[in-house]
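Below is one structure, written out as structure tokens; the observations come after it.
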Amino acid sequence: MRIPCKLDMLLANLNPGYNGIIPDERKCMPEIVLNLHMHTRFSDGAGLHADIATAAMKAGLDAVIVTDHNLLVNGPAGYYKEGNQRVLLMVGEEIHDQARIPQKNHLLVFGAQRELATYAYNPQLLVDAVANAGGLSFIAHPVDPAAPSVHEADISWVDWGVRGFTGLELWNGFSEFKPRIRSRLHAIYYAYFPRRIARGPLPEALHRWDDLLSAGTKVVAVGGSDAHSHHMRMGPLRRTVFPDGFHFRAINTHVLLPRPFGMDAIADSSMVLDSLRQGHCFIGYDLPASTRGFRFSASGLESSTEMGGELNCKGGVTIQIRLPRLAECVLLKDGTPVRTWHKLELCTYITSQPGVYRVEVYIQYLGRKRGWIFSNPVYIM
Ligand SMILES: [Zn+2]
Ligand SMILES: [Zn+2]
């Protein structure tokens, strides 16, 4: 039994709907760190599944999802172990229409358990086929501008009329890199100082997401590395740009699970996919500082929910945000900031207004303010 504290009394006075139970303490969902968009030699990556598993264990990840282009390579899925470490390697796919010129509309597909690349020519058919197969579909790098200096084309998503996808890859490490490289010199600079790249999801991707949420569509946001371990050659310079080990310490998706991982890779994979489907996850940029421990939940008259869930606003709702360390924390309602905290690790906000609430957290790192955490929404009805 939790002993009521000063915070409880304060919240009870402010909000008659507060039931004295901080939602996270009621359920205490275990958290895993997942990196979910990467390529192997089976498409255009440099390493193999075992190399990815080794790099993931070194980086302290709990799970990865390998997503080769238009190819489902199911065999290597399972737990990989080294010493007392282990990582769950899951296999998905990144599907796009290879005949389409220019190239657009990349879709990450998880959990479909069968090859669906034949539907790539029609994004709506593909999304529907994934749903029918019981899988999840995430729009990959929804906004992905061209980088002419390194001959990279714009491969954004363009068919925004498509409905029924699970979510989108709000923060993609490579999409953010492309507009930074205005010349070959920029490319060299960032190849040697990759820690200076990430600042947050591209503003246009955030606007797209907020527009979809405001239109009443539930869209789960995830963060992806798009790891390829590119090899760069320029005159005498040779460098592996963004090795997997770097990506795995950077933009991750943190997933809240109903129970800890066990010994069964299939059951554990299905639990991860269920939590992703429900939006019980947040995007964490773990390079400046680990984002493990972030929580965003809401408690109403009769129930409470983690991010991704719904709650009735009748009687008032108490929103609670817990940060792993002090940082700038912004609560947004329907895409507009409603409150910012600078010096609190436990932030609370009471509302009776329906809306889509989500959280952005910013941190100072390498001389500038950078995005650190982007939560999925709580839907207050
Ligand atoms: Zn792609
Ligand atoms: Zn990719």
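The sequence shown maps to residues 644 to 1024 in this note's numbering. Idealized CB from N, CA, C, for every residue including glycine.
{"Check": "Would you report the Cα separation of D711 and D911, rounded to the nearest angstrom?", "Outcome": "21 Å"}
{"Check": "Could you give the DSSP three-state label for D911: helix, strand or coil?", "Outcome": "helix"}
{"Check": "Quick check on the DSSP output: what are the complete alpha helix (DSSP H) runs of length 4 or more inside the region 668-746, in order along the chain?", "Outcome": "692-702"}
{"Check": "Measuring straight from C-alpha to C-alpha, what distance separates A702 and G958?", "Outcome": "45 Å"}
{"Check": "Starting from E971 and walking both ways along the beta strand (DSSP E), at which residues does that stretch end?", "Outcome": "E971 to K976"}
{"Check": "Apart from the five residues just before and just after G810, which ones in its own chain have a Cβ nearer than 7 Å to its Cβ?", "Outcome": "F781, V862, V863, A864 and V865"}
{"Check": "Is the distance from the Cβ of L966 to the Cβ of R1001 below 8 Å?", "Outcome": "no"}
{"Check": "Output the residue ranges of the beta strand (DSSP E) runs that lie fully inside the region 890-958 and measure 3 residues or longer, sorted by chain position.", "Outcome": "894-899, 924-928, 938-942 and 947-949"}
{"Check": "Can we say the region 946-964 touches the region 709-727, given the rule of at least three CB pairs closer than 8 Å?", "Outcome": "no"}
{"Check": "Check whether the Cβ of T710 lies closer than 7 Å to any heavy atom of ligand 2, and answer yes or no.", "Outcome": "yes"}
{"Check": "Does the separation of the CB atoms of E949 and H923 fall below 8 Å?", "Outcome": "yes"}
{"Check": "Just to check my reading of the structure: H784 and E812 have Cβ atoms closer than 8 Å, yes? What is that Cβ distance to the nearest angstrom?", "Outcome": "6 Å"}
{"Check": "Quick check on this structure: which residue in H692, G998 and G952 has the alpha carbon closest to the alpha carbon of G978?", "Outcome": "G998"}
{"Check": "Just to confirm the assignment, what range does the beta strand (DSSP E) spanning G1010 have?", "Outcome": "Where G1010 is concerned, there is no enclosing beta strand (DSSP E), given that its DSSP letter is neither H nor E."}
{"Check": "So, using beta-carbon positions, are V676 and D694 closer together than 8 Å?", "Outcome": "no"}
{"Check": "Mark W1015 as exposed unless 16 or more other C-beta atoms lie within 10 angstroms of its C-beta, in which case mark it buried.", "Outcome": "buried"}
{"Check": "Which of helix, strand or coil does DSSP assign to G998?", "Outcome": "strand"}
{"Check": "What is the DSSP secondary structure of Q963, counted as helix, strand or coil?", "Outcome": "strand"}
{"Check": "Which residue from T683, R920 and M1024 puts its Cα closest to that of G859?", "Outcome": "M1024"}
{"Check": "Taking the continuous alpha helix (DSSP H) assigned at G816, which residues delimit it?", "Outcome": "G816 to F820"}
{"Check": "Straight-line CA distance for R935 to E674?", "Outcome": "8 Å"}
{"Check": "Report yes if the CB atom of Y992 is closer than 8 Å to the CB atom of A970, and no otherwise.", "Outcome": "no"}
{"Check": "Go ahead and pull the three-state DSSP assignment for A870.", "Outcome": "strand"}
{"Check": "Sorted by chain position, which residues of the same chain lie with C-beta nearer than 6 Å to V786's C-beta, five sequence neighbours on each side aside?", "Outcome": "S799, L845, E847 and A848"}
{"Check": "So, do the region 764-781 and the region 790-797 have three or more beta carbon pairs nearer to each other than 8 Å?", "Outcome": "no"}
{"Check": "Under 5 Å, CB to any heavy atom of ligand 2. Which residues pass, going along the chain?", "Outcome": "E737 and D869"}
{"Check": "Taking just the CA atoms, how far does N775 sit from S918?", "Outcome": "19 Å"}
{"Check": "Which residues in the same chain have their Cβ closer than 8 Å to the Cβ of D802, if we skip the five residues on either side of it in sequence?", "Outcome": "K747, N748, P766 and Q767"}
{"Check": "Please list the segments of the beta strand (DSSP E) lying wholly inside the region 817-869, counting only runs of 3 or more residues, in order along the chain.", "Outcome": "863-867"}
{"Check": "Around ligand 1, what residues have a beta-carbon under 5 Å from a heavy atom of it, in chain order?", "Outcome": "H749 and A783"}
{"Check": "Any Cβ of chain B within less than 8 Å of the Cβ of V1002?", "Outcome": "Absence of chain B from the displayed structure is noted, only one protein chain being present."}
{"Check": "Identify the continuous alpha helix (DSSP H) that holds L769 and give its terminal residues.", "Outcome": "P766 to N775"}
{"Check": "Using beta-carbon positions only, say whether P599 and F889 come within less than 8 Å of one another.", "Outcome": "A query on residue 599 cannot be resolved here, the shown segment of the chain reaching from 644 to 1024 and no further."}
{"Check": "Confirm, please, whether the CB-CB distance from Y1008 to P931 is below 8 Å.", "Outcome": "yes"}
{"Check": "Once you ignore the five residues that flank A742 on each side, which residues in its own chain have a CB closer than 8 Å to its CB?", "Outcome": "Y764"}
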